[in-house]
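Numbering (full-length UniProt numbering), first residue to last: 1 to 311. Working notes for the structure below.
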Ligand SMILES: Nc1ncnc2c1ncn2[C@@H]1O[C@H](COP(=O)(O)OP(=O)(O)OP(=O)(O)O)[C@@H](O)[C@H]1O
Ligand SMILES: O=P(O)(O)OC[C@@]1(O)O[C@H](CO)[C@@H](O)[C@@H]1O
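Below is the structure:
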């Protein structure tokens, strides 16, 4: 069973505008709404890939109900800890050049006792064969060391964690050596306090420093430049797939879903890379934060190219 944890889910409003004017009036068109937040997107993608998951985290107020209803409607098993306030709405605006501007709200306040309730819920659902996906930002009130503490605590129960976070959450979380991580190139550079590496070799040099006896898989996503897959088995580079881009919001989450499924199904690194590339590219072919249909993902798999950098 894959358990996805979203501390700070969101209703994602995606809209188009020809030119985004900062400090001016922008009239949006083609506004669509999706139940989102990184872990929620991972669960939606797993469903598209034909896999069950259990979605949890924090929800609040009427927006929280919208997300819960959407997951129920999709048939995704879920149980959230309910807190005061209202789950956030995040605005994603794409201009005519397909440049994305994201305006993410902070989300409702979460007390430490709510976090305790969440950890108990996760431990109730997960067992040593489970992968727990911790992804996204946390709500106000939650400390940056939370993922680090959760990774350590879940490890005591033999549960493996896949971490996708940025900034301090990532920096702290890494210290607890999660089983798998998916930084993008910016997050990787930020972690090491260096400029974003330009070459694949320099990116690999940073990424391999994060592999260790417990962190067995490092995937570095590089947006339109593809991704790197590092494990003790091999180091692989996959160039980006040629697709008709609709919205890249959630492409990273699609990749995380494919990583979790690949690990659960014990795929080889090469098979896992193919699934990740096809699933993440598929997410870019849909509007908003919807995953692609399985047939689309299957077709995209044929386009994946793999360059072996080591192993
Ligand atoms: N324009 C694109 N065309 C095809 N595939 C893409 C494109 N953009 C992203 N992808 C795929 O999605 C993967 C993840 O994208 P990206 O590196 O932007 O993730 P991210 O930074 O975690 O994004 P987010 O947090 O917004 O989901 C890439 O490695 C690539 O495989
Ligand atoms: O504020 P966070 O938690 O970092 O990111 C939240 C978010 O931008 O991530 C998803 C796309 O990856 C969206 O569904 C959601 O709005």
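Backbone N, C-alpha and C fix where the C-beta goes; we use that ideal spot for every residue, glycine too. Bear in mind that the values here come from a model prediction, so they are computed numbers and not experimental data.
- Query: residue 186: buried (16+ other C-beta within 10 angstroms of its C-beta) or exposed?
  - Reply: For this step, residue 186 is matched to residue 186 along the chain shown. Per the 10 Å Cβ criterion, exposed.
- For residue 43 and residue 11, believed in contact at Cβ under 8 angstroms, the rounded distance: Position 11 of the chain shown, counted from the first residue, corresponds to residue 11. Position 43 of the chain shown, counted from the first residue, corresponds to residue 43. Not a contact, Cβ separation roughly 15 angstroms.
- Would you call the CB atoms of residue 126 and residue 3 closer than 7 angstroms? Numbered from 1 along the chain shown, position 126 holds the residue referred to as residue 126. Numbered from 1 along the chain shown, position 3 holds the residue referred to as residue 3. Cβ distance < 7 angstroms, so residue 126 and residue 3 count as in contact.
- Item | CB of residue 269 within 7 angstroms of CB of residue 227, strictly | Here residue 269 refers to the residue found at position 269 when the chain shown is read from its first residue. Here residue 227 refers to the residue found at position 227 when the chain shown is read from its first residue. No.
- Query: What does the shell around ligand 2 hold, if a residue joins when its beta-carbon is under 6 angstroms from any heavy atom?
  - Reply: 8, 10, 12, 36, 37, 38, 41, 90, 102, 104, 136, 137, 249, 250, 252, 253 and 289
- Message: What residue range does the alpha helix (DSSP H) around residue 155 cover?
- Response: Translated into positions along the chain shown, residue 155 becomes position 155. Note, residue 155: alpha helix (DSSP H), 146 to 156.
- Which same chain residues, not among the five before or five after residue 190, have their C-beta less than 6 angstroms away from its C-beta? Numbered from its first residue, the chain shown carries residue 190 at position 190. Nothing listed; no residue qualifies.
- Query: For residue 191, which of helix, strand or coil comes out of DSSP?
  - Reply: The count along the chain shown starts at 1 and reaches residue 191 at position 191. Correct three-state label for residue 191: helix.
- Sub-7 angstroms separation of residue 245 and residue 98 beta-carbons: Within the chain shown, residue 245 is the residue found at index 245, counting from 1. Within the chain shown, residue 98 is the residue found at index 98, counting from 1. Yes; because the gap between Cβ atoms is below 7 angstroms, this pair is in contact.
- Sort 266, 257, 307 and 273 by Cα distance to residue 292 and report the nearest one. One-based indexing of the chain shown puts residue 292 at position 292. Of the residues 266, 257, 307 and 273, the one whose Cα lies closest to the Cα of residue 292 is 257.
- Does ligand 1 have a heavy atom nearer than 6 angstroms to the CB of residue 139? Residue mapping note: residue 139 aligns to position 139 of the chain shown, counting from 1. Checking the Cβ of residue 139 against ligand 1 gives no.
- Query: Roughly how many whole angstroms lie between the Cα atoms of residue 31 and residue 164?
  - Reply: Taking the first residue of the chain shown as position 1, residue 31 is located at position 31. Taking the first residue of the chain shown as position 1, residue 164 is located at position 164. Their backbone Cα atoms lie some 27 angstroms apart in a straight line.
- Message: Measuring CB atoms only, is the stretch 61 to 79 touching the stretch 268 to 285, in the sense that at least three cross pairs come out at less than 8 angstroms?
- Response: The count of Cβ pairs closer than 8 angstroms, one atom from the stretch 61 to 79 and one from the stretch 268 to 285, stays below three, leaving the stretches out of contact.
- Distance CB(residue 172)-CB(residue 144) smaller than 7 angstroms: Against the chain shown, residue 172 aligns to sequence position 172. Against the chain shown, residue 144 aligns to sequence position 144. Cβ atoms of residue 172 and residue 144: closer than 7 angstroms.
- Query: If you count every other CB in all the chains shown that lies within 10 Å of the CB of residue 124, and 16 or more means buried, which is it?
  - Reply: By one-based count along the chain shown, residue 124 stands at place 124. So residue 124 counts as exposed.
- Between 61, 100, 20 and 210, which lies nearest to residue 250 when the distance is taken from Cα to Cα? Here residue 250 refers to the residue found at position 250 when the chain shown is read from its first residue. Ranking the options by Cα distance to residue 250, first place goes to 100.
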